[in-house]
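Trainee: Okay, here's the structure, questions in a sec.
Residue numbers (the UniProt record's numbering): 1 to 292.
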């Protein structure tokens, strides 16, 4: 029986806001087409995440009333937000002269931007996050563009916790992992529903009892928790993450940590499930991997 166990590291990012007329945001984000694959509730009130597919890529769009307001793209070779994915690097972006977002002020509090292997730039009416891969020459692997006006409408830093947002984060995390596995010619991880009570329970335990560890207060490790739920495996692993502002940043935080990346890219693993819980609206992620 093989076991892999790695621990997540928290990082938090905050954004500064400026008001932009909604009409301008709509003009800058026309409907870009593609076949709708799935739709999820987003952390932005009134907006949804839509997973869409074109002839060349799959991407996630932030939508409202049939229009796109933001977008996450991760297809190798595409040009997005002034960067060529899998070609431009953190260094080449720094030379473009864009305005870097260093902090966010709300009321009397100033929050310093603290992103691990990513950078946020202010571009016209939007904030664009560029995610770098430290294991591949710090290349730009994905971008997330959100209009300032839309970002300003999000409650707090994480959005308001809800059962719908939990489901969104859980499903998107699996999709993001599989997109990156496909880039390395690895088979997709299939969802395994019997793991759901295990992953959610551990995230809920961490959030409720304010700890962050693979070993819970009852001294059980991930493999104990799986066995207690009647789940057998020939190989298994677990990734944990907390403190990231959204599922995209959480995913790239894991991809930039070798142990977590090894789990995500492990060709032995066949199934996975993500369980999410919230503490003060901050998401805790537990990802379990399994091979029967």
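The C-beta atom is built at its ideal place from N, Cα and C for all residues, glycine as well. Note that this is a predicted model, so its numbers are computed, not measured.
Report yes if the CB atom of residue 133 is closer than 8 Å to the CB atom of residue 256, and no otherwise.
Mentor: The criterion of a C-beta distance shorter than 8 Å is satisfied by residue 133 and residue 256.
Trainee: Skipping 5 residues on each side, what residues in its chain have a beta carbon closer than 8 Å to that of residue 201?
Mentor: Excluding positions up to five away in sequence, the list reads 225 and 275.
Trainee: Do residue 283 and residue 180 have their C-beta atoms closer together than 8 Å?
Mentor: Not a contact, by the Cβ cut-off of 8 Å.
Trainee: Using the Cα positions of residue 228 and residue 57, report the straight-line distance between them to the nearest angstrom.
Mentor: 40 Å
Trainee: Among 252, 175, 260 and 272, whose alpha-carbon lies nearest the alpha-carbon of residue 199?
Mentor: 272
Trainee: Where residue 74 and residue 175 are concerned, what is the direct C-alpha to C-alpha distance, given to the nearest angstrom?
Mentor: In a straight line, the C-alpha of residue 74 is about 12 Å away from that of residue 175.
Trainee: Note down the Cα distance separating residue 234 from residue 94, rounded to an integer number of angstroms.
Mentor: 45 Å
Trainee: Which residue marks the beginning of the beta strand (DSSP E) containing residue 237, and which one marks its end?
Mentor: 235–242
Trainee: How is residue 66 classed by DSSP in three states: helix, strand or coil?
Mentor: Residue state, collapsed to three classes: coil.
Trainee: Using the Cα positions of residue 223 and residue 148, report the straight-line distance between them to the nearest angstrom.
Mentor: 43 Å
Trainee: Use the C-beta contact count for residue 245: other C-beta atoms within 10 angstroms, 16 or more gives buried, fewer gives exposed.
Mentor: buried
Trainee: How would you label residue 100, buried or exposed, when you count the other beta carbons within 10 angstroms and need 16 or more for buried?
Mentor: exposed
Trainee: Does residue 280 pass the burial test, meaning 16 or more other C-beta atoms within 10 Å, or should it be called exposed?
Mentor: Its Cβ having fewer than 16 others within 10 Å, residue 280 is exposed.
Trainee: If you check the beta carbons only, do residue 289 and residue 266 fall under 8 Å apart?
Mentor: yes
Trainee: Work out the CA separation of residue 154 and residue 250 for me, nearest whole Å.
Mentor: 18 Å
Trainee: Please state the DSSP three-state secondary structure of residue 155.
Mentor: coil
Trainee: In whole angstroms, give me the CA-to-CA distance for residue 287 and residue 43.
Mentor: 20 Å
Trainee: Grab the span of the alpha helix (DSSP H) containing residue 92 for me, first residue to last.
Mentor: 90–94 is the extent of the alpha helix (DSSP H) around residue 92.
Trainee: For residue 71, name the three-state secondary structure that DSSP assigns.
Mentor: strand
Trainee: From residue 159 to residue 247, what distance separates their C-alpha atoms?
Mentor: 12 Å
Trainee: Starting from the C-beta of residue 77, find all residues in its chain whose C-beta is less than 8 Å away, skip the five residues before and the five after it, and write them out in chain order.
Mentor: Taken in chain order, the residues that qualify are 84, 85, 86 and 87.
Trainee: Could you pull the start and end residues of the beta strand (DSSP E) that residue 219 belongs to?
Mentor: From DSSP, residue 219 is part of no beta strand (DSSP E); its letter is neither H nor E.
Trainee: Please report the straight-line C-alpha distance between residue 193 and residue 172, rounded to a whole angstrom.
Mentor: 15 Å
Trainee: With a CB to CB cut of under 6 Å and the five nearest residues on each side skipped, what residues in its chain are close to residue 54?
Mentor: 34
Trainee: For a quick check, are the C-beta atoms of residue 269 and residue 189 less than 8 Å apart?
Mentor: yes
Trainee: Over the uninterrupted alpha helix (DSSP H) stretch that includes residue 165, give me the two end residues.
Mentor: 163–183
Trainee: In angstroms with no decimal places, state the Cα-to-Cα distance between residue 123 and residue 40.
Mentor: 26 Å
Trainee: Over the uninterrupted alpha helix (DSSP H) stretch that includes residue 207, give me the two end residues.
Mentor: 196–209
Trainee: Hey, how far is the Cα of residue 81 from the Cα of residue 141?
Mentor: Answer to the nearest angstrom: the Cα atoms are 12 Å apart.
Trainee: Is the Cβ-Cβ distance between residue 47 and residue 150 less than 8 Å?
Mentor: Yes; because the gap between Cβ atoms is below 8 Å, this pair is in contact.
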